[in-house]
Amino acid sequence: MKNTLLLSLLIGSVTVTTTASETNTTKAVTSKVVETEFKLGKYGTFKFEQANKNVYIMHGPIVSPNKENQGFMNNPALIESEHGLIIIDPGGNYNVGKQILLEIEKVSKKPIIAVLNTHKHGDHWFANKTIVEKYPKVDIYAHPNMIKAVKEGEAEVWYGILNRTTGNLEGTKAFAFPTKTLKDAQKLEIDGQKFVVMHPKSAHSDTDLLITHINSKTLFLGDNLMKGRLGSFDESSSIFGNIELLEQIKKDTNCTLYVPGHGFSGKRDETIDPFLNYLKILAVEGQKAYDDDKESYEVKDEVLKLFTDIKSWDAFEKNMAAHLNKTMMEIEEREE
Ligand SMILES: [Zn+2]
Numbered sequence: 004m005k006n007t008l009l010l011s012l013l014i015g016s017v018t019v020t021t022t023a024s025e026t027n028t029t030k031a032v033t034s035k036v037v038e039t040e041f042k043l044g045k046y047g048t049f050k051f052e053q054a055n056k057n058v059y060i061m062h063g064p065i066v067s068p069n070k071e072n073q074g075f076m077n078n079p080a081l082i083e084s085e086h087g088l089i090i091i092d093p094g095g096n097y098n099v100g101k102q103i104l105l106e107i108e109k110v111s112k113k114p115i116i117a118v119l120n121t122h123k124h125g126d127h128w129f130a131n132k133t134i135v136e137k138y139p140k141v142d143i144y145a146h147p148n149m150i151k152a153v154k155e156g157e158a159e160v161w162y163g164i165l166n167r168t169t170g171n172l173e174g175t176k177a178f179a180f181p182t183k184t185l186k187d188a189q190k191l192e193i194d195g196q197k198f199v200v201m202h203p204k205s206a207h208s209d210t211d212l213l214i215t216h217i218n219s220k221t222l223f224l225g226d227n228l229m230k231g232r233l234g235s236f237d238e239s240s241s242i243f244g245n246i247e248l249l250e251q252i253k254k255d256t257n258c259t260l261y262v263p264g265h266g267f268s269g270k271r272d273e274t275i276d277p278f279l280n281y282l283k284i285l286a287v288e289g290q291k292a293y294d295d296d297k298e299s300y301e302v303k304d305e306v307l308k309l310f311t312d313i314k315s316w317d318a319f320e321k322n323m324a325a326h327l328n329k330t331m332m333e334i335e336e337r338e339e
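Quick note, the sequence shown lines up with residues 4 to 339 if you use our numbering.
And the structure:
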């Protein structure tokens with residue numbers, strides 16, 4: 004375990020000293036509670052902040068996994084019901100999960116009664132392990148494709164990625180897989196909190212759930228939406244599927260808050276447009292290059308010049324080149 008993490012866990016403990024007198028008739032009890040902080044070096048301090056009615060979000064560092072962020076980079080959310088708490092994507096490993104759990108308890112001491120996972124990538128769900136340790140019977144929901152994928156190897160792939168980049172995976176195995184399934188358009192009610200989920204066939208991946216918390220009109224998009232950094236698109240994902248999904252959301256939804264998988268939440272268009280416009284430029288430029296019989300590496304420097312503000316996003320150039328290549332592969336498949 005990391006020293007800093009251990010330290011903050013230690014100072015987070017409640018010290019209770021009990022001294023019984025010789026006659027056993029009196030007891031002196033002293034209690035000292037030291038407030039902890041979830042600190043990650045240069046990235047600062049992280050806590051849950053109220054984002055909507057009964058909705059609290061901890062926006063993680065907007066960077067790729069590394070030693071300093073200890074593998075914490077997603078946006079865990081908590082929804083408070085009358086009798087308990089519902090957690091969406093509790094974080095990227097067991098140790099970070101402990102810090103997040105302490106922060107959850109600062110918002111409310113109510114028990115965690117359900118967990119929802121948006122997709123297969125470990126940076127979002129590996130901290131299920133921490134929740135299950137404290138609440139062994141908690142229901143964890145995900146799409147059936149997610150559960151299948153993680154059990155058939157995706158969990159191990161992500162364990163490898165996060166172990167290499169963060170070295171903070173002690174305690175994360177055995178994995179705490181989701182236990183319950185949610186399919187496209189399925190409704191879920193937990194202690195008065197109502198949800199409806201959406202499953203795109205293939206957008207960020209083929210395992211994703213987008214979760215609408217109906218009571219507060221909050222839409223959790225998982226990694227189908229990014230702000231401030233880009234992620235990877237694998238063979239189960241589709242750039243064109245992602246564009247279609249975001250356009251449909253802009254057209255058909257009118258929530259009060261939109262929560263990306265990485266980056267800050269906000270109103271619909273201001274939160275969705277930067278990433279959607281990015282993908283649409285890739286689609287147009289990819290098509291042009293394809294029509295001109297060019298490879299993506301031949302045009303990537305020119306395409307890069309088309310981006311202004313979002314060029315400053317974390318690891319933009321590297322990801323953009325990969326995404327342009329993926330876009331052109333999809334165009335090729337479509338045209339063949
Ligand atoms: Zn992610």
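In this text, a Cβ means the ideal position worked out from N, Cα and C, and glycines have one as well.
The model shown is predicted, which means the values in this text are computed figures rather than measured ones.
- Closest by C-alpha distance to C258, out of Y293, P277, I214, is I214.
- For N77, the CB falls within less than 8 Å of some heavy atom of ligand 1.
- Setting aside the 5 residues that flank it on each side, P277 is surrounded in the same chain by I313, each with a C-beta closer than 6 Å to its C-beta; the list follows chain order.
- Between the C-alpha atoms of G225 and H202 there is a straight-line separation of about 11 Å.
- As computed with DSSP, M229 is found in a beta bridge with H265.
- Listed in chain order, the beta strand (DSSP E) runs fully inside the region 200-230 are 213-216, 221-229, counting runs of at least 3 residues.
- Under DSSP, E192 takes part in a beta bridge, and its partners are K197.
- No heavy atom of ligand 1 is found nearer than 8 Å to the CB of D312.
- When C-beta atoms of the region 71-88 are compared with those of the region 137-154, fewer than three pairs fall below 8 Å, so the two segments do not count as touching.
- Under the three-state reduction of DSSP, E52 is assigned to strand.
- The beta carbon of F180 lies closer than 7 Å to those of I150, V153, K154 in the same chain, with the five residues before and after it left out.
- Exclusion of the five residues before and after I217 leaves K197 as the residues of its chain whose Cβ lies within less than 6 Å of its Cβ.
- In the three-state reduction of the DSSP assignment, I65 falls in the coil class, being assigned neither a helical nor a strand state.
- Inclusion of D226 in the 8 Å shell around ligand 1 follows from its C-beta lying nearer than that to a non-hydrogen atom of the ligand.
- Taking the C-beta atoms as reference points, A325 is found nearer than 9 Å to F236.
- For K154, the secondary structure class from DSSP, reduced to helix, strand or coil, is helix.
- Contact between M76 and P93 is ruled out by a C-beta separation of about 13 Å, above the 8 Å threshold.
- Here K113 is near S84, since their CB atoms are less than 9 Å apart.
- DSSP places T330 within a helical segment (H, G or I) once states are collapsed to three.
- If you look at A286, you'll find it in the alpha helix (DSSP H) that goes 271-294.
- Take L249, set aside five residues on each side of it, and the residues of its chain with a beta-carbon closer than 6 Å to its own are I275, L279, in chain order.
- Placement of the Cβ of D126 at a distance of less than 8 Å from at least one heavy atom of ligand 1 is found.
- Judged by DSSP secondary structure, V306 falls outside any beta strand (DSSP E) and instead within the alpha helix (DSSP H) spanning 299-307.
- Per DSSP, the continuous alpha helix (DSSP H) segment holding L248 begins and ends at 242-255.
- For E108, the enclosing alpha helix (DSSP H) stretches over residues 97-110.
- Counting C-beta pairs closer than 8 Å gives three or more between the region 140-147 and the region 180-193, which meets the contact rule.
- If you draw a straight line from the Cα of T330 to the Cα of A130, it comes to about 32 Å.
- Excluding residues up to 5 positions away in sequence, G289, Q290, Y293 lie with their Cβ nearer than 7 Å to the Cβ of I334 in the same chain.
- Under the three-state reduction of DSSP, A324 is assigned to helix.
- A distance below 9 Å separates the beta carbons of G234 and H265.
- For K176 and K254, the gap between their C-alpha atoms comes out near 41 Å.
- Rounded to whole angstroms, V99 and E106 show a C-alpha spacing of 11 Å.
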